[in-house]
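Below you'll find the structure, written out as structure tokens, and then a few comments.
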Amino acid sequence: MSLLLGLDFGTGGVRVGVFDLDARRMLAEREAEYGTRHPKPGWAEQSPADWWEALGKASRAVMADLGRPEIAGICAATTASTVVACERNGIPLQPALLWMDCRAAAESDATARANHPVLAYSGGSDAAEWLVPKAMWLARHEPAVYARAGVICECLDWINFRLTGRWVGSRMNATCKWNWDSVAGRFHDDLFAELGVPDLAEKLPQPILPVGAPVERLSREVADHLGLSNRPVVAQGGIDAHIGMVGADTIEPGDLLMIGGTSVVHLFQLGAEQPVTGFWGPYPHALVDGRWLVEAGQVSAGSVLSWFSREIFALDQAGHDELCEAAGRIPVGGSGLLALDYFMGNRTPYRDPHLRGAVLGLSLGHDRAALYHAAVEGVALASANVLKRMDELGVPCRRIVTSGGYSRNPLWLKATVDAIGRPVELPSKANLTIIGACACAAAGAGLVPDLDAAAKAVVPPARPVEPDLAAHARYRELLEDYLEATELLAPLSRRLAARQTRGTPP
Numbered sequence: 001m002s003l004l005l006g007l008d009f010g011t012g013g014v015r016v017g018v019f020d021l022d023a024r025r026m027l028a029e030r031e032a033e034y035g036t037r038h039p040k041p042g043w044a045e046q047s048p049a050d051w052w053e054a055l056g057k058a059s060r061a062v063m064a065d066l067g068r069p070e071i072a073g074i075c076a077a078t079t080a081s082t083v084v085a086c087e088r089n090g091i092p093l094q095p096a097l098l099w100m101d102c103r104a105a106a107e108s109d110a111t112a113r114a115n116h117p118v119l120a121y122s123g124g125s126d127a128a129e130w131l132v133p134k135a136m137w138l139a140r141h142e143p144a145v146y147a148r149a150g151v152i153c154e155c156l157d158w159i160n161f162r163l164t165g166r167w168v169g170s171r172m173n174a175t176c177k178w179n180w181d182s183v184a185g186r187f188h189d190d191l192f193a194e195l196g197v198p199d200l201a202e203k204l205p206q207p208i209l210p211v212g213a214p215v216e217r218l219s220r221e222v223a224d225h226l227g228l229s230n231r232p233v234v235a236q237g238g239i240d241a242h243i244g245m246v247g248a249d250t251i252e253p254g255d256l257l258m259i260g261g262t263s264v265v266h267l268f269q270l271g272a273e274q275p276v277t278g279f280w281g282p283y284p285h286a287l288v289d290g291r292w293l294v295e296a297g298q299v300s301a302g303s304v305l306s307w308f309s310r311e312i313f314a315l316d317q318a319g320h321d322e323l324c325e326a327a328g329r330i331p332v333g334g335s336g337l338l339a340l341d342y343f344m345g346n347r348t349p350y351r352d353p354h355l356r357g358a359v360l361g362l363s364l365g366h367d368r369a370a371l372y373h374a375a376v377e378g379v380a381l382a383s384a385n386v387l388k389r390m391d392e393l394g395v396p397c398r399r400i401v402t403s404g405g406y407s408r409n410p411l412w413l414k415a416t417v418d419a420i421g422r423p424v425e426l427p428s429k430a431n432l433t434i435i436g437a438c439a440c441a442a443a444g445a446g447l448v449p450d451l452d453a454a455a456k457a458v459v460p461p462a463r464p465v466e467p468d469l470a471a472h473a474r475y476r477e478l479l480e481d482y483l484e485a486t487e488l489l490a491p492l493s494r495r496l497a498a499r500q501t502r503g504t505p506p
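Take the sequence shown: its position 109, counting from 1, is numbered 109 in UniProt numbering, and each next residue is one higher.
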């Protein structure tokens, strides 16, 4: 058997799966959780040691389930940019800045004022979530940590170092988040100098390897930590949702992958460079040679729904299911409420980390079901706004594959499909990120010739989900309200966000 181990480091935990390439199916999966701390508004931190402990726990469990068979290849996909400042030996100097941490909003604004041609690949600026603005923030606010850091990297790089003892960067992460020039094959020190971090390139993991390239074999000690009987090759991975494109086989132009999770990520590729104003990219060669990767999405999506059900309403899973059932009985727009999903800023199409969430139209007659229903609608409308922008840009979208939290929340899935008004394919019980990581592992182990072949070898079956066109007509009306509310509230939202950043009462 050609067995492959895929690692998916998400926001709340790591999921580990073993895929049988010959049988084209996932044999077993396990998950282990780790925590997130929010020491200040807009901040989010995690402990790298927690990642490593959770990985060992989940991997040993899944290998025990299968009797510890030999593994041909292993690959990790992680959140991006979850940034670690550490010594060259991998010891972190402080907690990692989670991808959703938006403390570097001012630094993000500074990248928009920079004048360098490589910024065209990211749409003219870097998001507050990304590694470069976070490194700028460290250099400005924690200069001793920045100076001491031998390596500033992402979760992926840190995990790969722990697995192999080798520092390498992923061409995907470097191109999409680090201002790596994937056409010239280099960093631009003059850009980093303009941004106040002239030595940043020296601290970034190198060499830069393409997705699916072999990195190194596991050490015996690490193999024992993972519960493996042999020492498989580690293949270079990338960003969790982006690696899902390989698992969904949405690599061709005209395909769109839409993954619902803590955030929503919309990913597609172009056959040639074209302007994608409001989106992130186009990134040349980020996933595969000769194609231009484009990223869109929502910073807060499933996290908004969880915030309402767990934090505000204090519901367990059974209570959440009852809440969804009650909210599902409310027709589209029937609550009279309008929710904006910008709880941690906006990724697309406004590229504004200073926007904040809102619920409009509240009265004393509204209950939990109405609030939750409005939140679901708001998150769905944000996805519809992304698709609207794609149409305006003339980007072809002939096929949509969706996965993640949509498969576990039918209310969210229906709202999204009705809001965008297009059919989608929903793989059944498939974690596309793990499947994509296993496909990359197959490429790294030499079991397939390239990522295109790997994607064809692992893509799972899917069922079609059709939109309710009457509901879509109502969502089109709500989208106009959503757009108007965004425009009207944006100045006040930015002022409130600035006060939060300063730590003063609103």
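All C-beta atoms, glycine included, are put in the ideal place defined by N, C-alpha and C.
CA nearest to the CA of residue i, picked from the options
i           : options                           : result
Ala105      : Arg389, Leu426, Leu355 and Leu381 : Leu355
Leu156      : Asp418, Ala201, Pro143 and Leu98  : Leu98
Gly165      : Gln317, Glu216 and Arg495         : Glu216
Ser47       : Ile159, Ala235 and Phe19          : Ile159
Pro410      : Tyr482, Ser300 and Glu377         : Glu377
Gly73       : Val18, Val84 and Met136           : Val18
Leu131      : Val151, Val145 and Trp178         : Trp178
Ile420      : Leu267, Val211 and Leu469         : Leu469
Gly247      : Ile434, Glu311, Ala286 and Ala114 : Ile434
Glu322      : Ile208, Ala369, Asp101 and Arg494 : Ala369
Gly261      : Leu5, Gly10 and Ser2              : Gly10
Asp8        : Asn385, Ala441, Glu45 and Val459  : Ala441
Trp52       : Thr36, Arg408, Val417 and Leu226  : Leu226
Tyr342      : Ala135, Thr486 and Ile259         : Thr486
Val359      : Ala193, Leu337 and Pro353         : Leu337
Pro210      : Asp450, Val458 and Lys456         : Asp450
Ser493      : Leu362, Ala58 and Pro353          : Pro353
Ser403      : Ala443, Ala286 and Gly436         : Gly436
residue 534 : Leu257, Pro133 and Glu87          : The requested residue 534 does not occur in the structure, where the chain is confined to residues 1 to 506.
Residue i versus residue j - alpha carbon distance
i      : j      : result
Asn173 : Leu393 : 25 angstroms
Val14  : Leu195 : 34 angstroms
Cys438 : Asp249 : 13 angstroms
Ile330 : Gly405 : 21 angstroms
Ala497 : Asp224 : 47 angstroms
Ala490 : Thr348 : 14 angstroms
Pro506 : Glu221 : The pLDDT assigned to Pro506 is 37, lower than 50, so where the model puts this residue is not dependable, and the model offers no usable value.
Arg171 : Ala112 : 23 angstroms
Asp289 : Asp181 : 14 angstroms
Asp452 : Lys203 : 32 angstroms
Leu478 : Glu129 : 29 angstroms
His366 : Gln500 : 28 angstroms
Pro41  : Cys397 : 37 angstroms
Thr504 : Val386 : Its pLDDT being 44, under 50, Thr504 is placed unreliably by the model, and nothing is read from it.
Leu483 : Arg476 : 11 angstroms
Pro205 : Arg88  : 10 angstroms
Ala127 : Tyr146 : 20 angstroms
For residue i, the first and last residue of its enclosing beta strand (DSSP E)
i      : result
Val359 : Ala358 to Leu360
Glu29  : Arg25 to Glu33
Ile239 : Val233 to Ile239
Phe9   : Leu3 to Phe9
Ala314 : Ala314 -> no beta strand (DSSP E), and no H or E assigned at all.
Leu340 : Leu338 to Leu340
Cys155 : Per DSSP, Cys155 belongs to no beta strand (DSSP E); it is in the alpha helix (DSSP H), Cys155 to Thr164.
Arg15  : Gly13 to Asp20
Pro427 : Val424 to Pro427
Endpoints, the alpha helix (DSSP H) within which residue i is located
i           : result
residue 509 : Here the chain comprises residues numbered 1 to 506, so residue 509 is not present and cannot be evaluated.
Ser407      : Taken as a continuous stretch (DSSP letters only), Ser407 belongs to no alpha helix (DSSP H), as it is neither H nor E.
Val332      : First-last for Val332: undefined, no H or E at that position.
Val197      : Unbroken run through Val197: none, as it is neither H nor E.
Ser303      : Gly302 to Ser306
Tyr146      : Pro143 to Arg148
Tyr372      : Arg368 to Leu393
Glu107      : Ala105 to Arg113
Supposed close pair residue i, residue j - CB separation, criterion 8 angstroms
i      : j      : result
Leu305 : Ala375 : 6 angstroms
Glu292 : Gly123 : It should be noted that the sequence gives Trp, not Glu, for residue 292. Not really, about 12 angstroms apart at Cβ, beyond 8 angstroms.
Leu267 : Met245 : 6 angstroms
Val183 : Pro275 : 17 angstroms between Cβ atoms; not a contact.
Gly444 : Ala213 : 6 angstroms
Residue-level contact to chain C via CB, residue i, 9 angstroms cutoff
i      : result
Glu466 : The structure shown contains no chain C, having only a single protein chain.
Run through the region 67-94 for me and flag every whole beta strand (DSSP E) of 3 or more residues, listed as ranges in chain order.
73-78 and 83-86
What are the complete beta strand (DSSP E) segments, minimum 3 residues, inside the region 203-231?
214-217
Go through the region 258-297 residue by residue and report every complete run of the beta strand (DSSP E) that reaches 3 residues or more, in order.
264-270 and 280-284
Segments of 4+ residues assigned as alpha helix (DSSP H) that fall wholly inside the region 430-489:
432-444 and 451-458
Which full runs of the alpha helix (DSSP H) of 4+ residues lie inside the region 162-192, going along the chain?
171-177
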